[in-house]
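Working notes for the structure below.
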Amino acid sequence: MQIVLNNADLLLAGLGRTLAMAALGYIGALILGTIIAIFRVSPVPVLRGFGTLYVQFFRNIPLLTLMILTVFALPDAGLQLSFFTATTLAVVLSSAAFVCETIRSGINTVSVGQSEASRALGMNMFQQLRYVILPQAFASMIQPLVNVFIGTVIGTSLASAVGVAELTNITQQLNLRYAEAVLMFVVSGICYLAIAFGGGALGVWLQRRVDRRFSRPTKREGRAAVERFQQEQGEMA
């Protein structure tokens, strides 16, 4: 245990890079995944086709392969990125495919009647998603999105294979120095478990909050959505 205490600064630095990579990768995946999900449900065939191709490609290519390509192939194409940035980009591209399918599944839980009613009010597709569909679908997305977050955190450990000094990489270095594989990887595993449990607990708390508000939309909430839409239309006019 003294080895862990003597090298706590290195482990904390590695943990910090892991958290930074996971946070940036997940936020980027949420943004990109939402855009791709909109493409997937779009009535425009070209956008639907692009969304389908994106998901099929990035969901089925190993994350480590994608990291190697972003780290070593992008410089050959003239795009110079740090190892940290390149591997985070790979995490974003990969996780976005899973976020996309999660959001698309949530959208599919909303009845067609909701979309037809909003269309009758004159809303276009993006307004339907913003005011009617996504608020209701969000309640069914939380736990799957938490699972994507946990997968993203675990996936960052693969960055050690391309030289990023995150938690797993630091653990490997300390193991080579002290030959204490069991101790070092137990400590590393506990760190990953703590992040995963923290994310899961946050997901449960958020699920309870959202369930109280969105899982059973009231007439008042429906009227509020219509009023927001009409107010926005009036400001645009």
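Last residue of the sequence shown: 237 (UniProt numbering), numbering continuous.
Note that beta-carbon positions come from the ideal geometry of N, C-alpha and C, so glycine has one too.
Note that the structure is predicted; figures quoted are calculated from it, not measured.
Closest Cα partner of Val4 within the set Met141, Ala181, Leu24, Leu89
Ala181
Within 10 angstroms of its Cβ, does Ser215 collect 16 or more other Cβ (buried), or is it exposed?
Summary for Ser215: the model assigns pLDDT 49, below 50, so the residue's position carries little reliability; its value from the coordinates is reported in the next sentence. Exposed.
Distance CB(Ile107)-CB(Gly203) smaller than 8 Å
no
Is the beta carbon of Arg48 sitting closer than 8 Å to the one on Ala97?
no
Simplified DSSP assignment, three categories, for Val79:
The residue asked about is misnamed: residue 79 is Leu in this sequence, not Val. Of the three classes helix, strand and coil, the one that applies to Leu79 here is coil, per DSSP.
Is the segment 25 to 36 close to the segment 188 to 196, with three or more CB pairs under 8 Å?
no
CA-CA distance, Gly198 and Leu19?
12 Å
Rounding to the nearest angstrom, what Cα-Cα distance links Leu11 and Leu193 in this structure?
15 Å
Do Pro144 and Thr102 come within 8 Å of each other at the CB atom, strictly closer than that value?
yes
Is it a yes or a no for the segment 85 to 94 touching the segment 65 to 72, going by three-plus beta-carbon pairs under 8 Å?
yes
What runs of the alpha helix (DSSP H), each 4 residues or longer, lie entirely inside the segment 117 to 200?
125 to 128, 134 to 155, 167 to 178
Taking 7 Å as the limit between beta carbons, can you name the residues of its chain near Thr65, skipping five residues before and five after?
none
Which of the three DSSP states, helix, strand or coil, is assigned to Val99?
helix
Would you call the segment 166 to 176 and the segment 125 to 137 touching, i.e. three or more CB-CB distances under 8 Å?
no
What is the DSSP secondary structure of Ser94, counted as helix, strand or coil?
helix
How about Asn7 and Leu174: do their beta carbons lie closer than 8 Å?
yes
If we count the other Cβ atoms within 10 Å of its Cβ and call it buried at 16 or more, is Val146 buried or exposed?
buried
How about Thr171 and Val91: are their beta carbons less than 8 Å apart?
no
Closer than 8 Å by C-beta to Arg104: which residues in its own chain qualify, once you throw out the five before and the five after it? Chain order, please.
Ala37, Arg40, Val41
Would the beta-carbon of Val55 fall within 8 Å of that of Val99?
no
Which residue's Cα is closest to the Cα of Leu51: Leu93, Arg208, Gly155, Leu134?
Residue identity check: residue 51 is Gly in the sequence provided, not Leu. Checked all of Leu93, Arg208, Gly155, Leu134; the closest Cα to Gly51 is Leu93.
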